[in-house]
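Down below is the structure, laid out as structure tokens.
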Amino acid sequence: MTARAPLWCSVEGINGVGKTHLLGKVAQRFPAGEYAMVAELTDTRDAVPSKVIAALSGGDTFLRTGHPRTETLALLGLKVREYEQIHALPDPPAVVLEDRGVDTVAIYQAAIWGGTDAIAALRDQLADLITATAAIWRPPPDRVLLLVDDIDACVARYARRRGSPVTTEERALIECADRMYRDRAHRDSRRFRVIDRAGRDEAAVVEQMFGEIIEAAGGPR
């Protein structure tokens, strides 16, 4: 019998919305061996992506080298590699929890490549093109949990985490990504579930995230 493919769930959202922290809490709800965690590319300890990210960063936390096409293909290559690694496991987990997926690459690279002041339709076309390019080598996540919150709260968290203020240009990019995420979630309601954490207790947000994953998996496995 062919093994059932794991449910692939990515957690998305702008910088400072709390993806990594909340996803870690969600992971604690699963039994050991039932899930695999795919770390954000900038947080991974894997040597290959670490070297690629180091080459792309150059001191810029948004990985802007001035060569957006190269950046995009490099990041997509790492996302395809993650997919291949999971599916090469002899005993794949029931659930894959991914901290930022191909939608991150599509949205942020489209905003950087197209420009935050460009016509929204142009950025959306670029994002769709990037997503379609990724789909040649790996399918999109089965479920995307889009975390949203007040922009000011996210920017403040992000600044605290990295230890430096967010510039006007960086804030414009974050705000652009926020608009693009919300629009994409509206257009792709089959995959996306929007989870608003503004003013909510952390435990309630984690419970909702966990529930969405279990529902997408068709109930407990």
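Read in our numbering, the sequence shown has 1432 at position 4, and its numbers run on one by one without any break. For glycine and all other residues, C-beta sits at the position ideal for the given N, C-alpha and C.
Check this for me: beta carbons of residue i and residue j, under 7 Å apart or not?
i: residue 1574; j: residue 1527; result: no
i: residue 1544; j: residue 1503; result: no
i: residue 1531; j: residue 1440; result: yes
i: residue 1620; j: residue 1626; result: no
i: residue 1455; j: residue 1535; result: no
i: residue 1524; j: residue 1540; result: no
i: residue 1438; j: residue 1520; result: no
i: residue 1586; j: residue 1461; result: no
i: residue 1634; j: residue 1453; result: yes
What's the call for residue i, buried or exposed, on a 16-neighbour Cβ count within 10 Å?
i: residue 1434; result: buried
i: residue 1436; result: buried
i: residue 1499; result: buried
i: residue 1430; result: At residue 1430 the pLDDT is 44, less than 50, meaning the model places this residue with poor confidence; the figure from the coordinates comes in the next sentence. Counting Cβ neighbours within 10 Å, residue 1430 comes out exposed, since fewer than 16 surround it.
i: residue 1469; result: buried
i: residue 1537; result: buried
i: residue 1644; result: buried
i: residue 1646; result: exposed
i: residue 1639; result: exposed
Compare the C-alpha of residue i against each of the options and name the closest.
i: residue 1509; options: 1437, 1640, 1520 and 1562; result: 1562
i: residue 1506; options: 1597, 1441, 1566 and 1550; result: 1566
i: residue 1610; options: 1577, 1598 and 1463; result: 1577
Run through the DSSP bridge pairs and tell me what residue i is partnered with.
i: residue 1463; result: 1523
i: residue 1435; result: 1523
i: residue 1573; result: 1439 and 1621
### Query
Counting only runs that start and end within the segment 1515-1567, where is the alpha helix (DSSP H) found for 4 or more residues in a row?
Runs of the alpha helix (DSSP H) inside the segment 1515-1567: 1530-1542 and 1548-1563.
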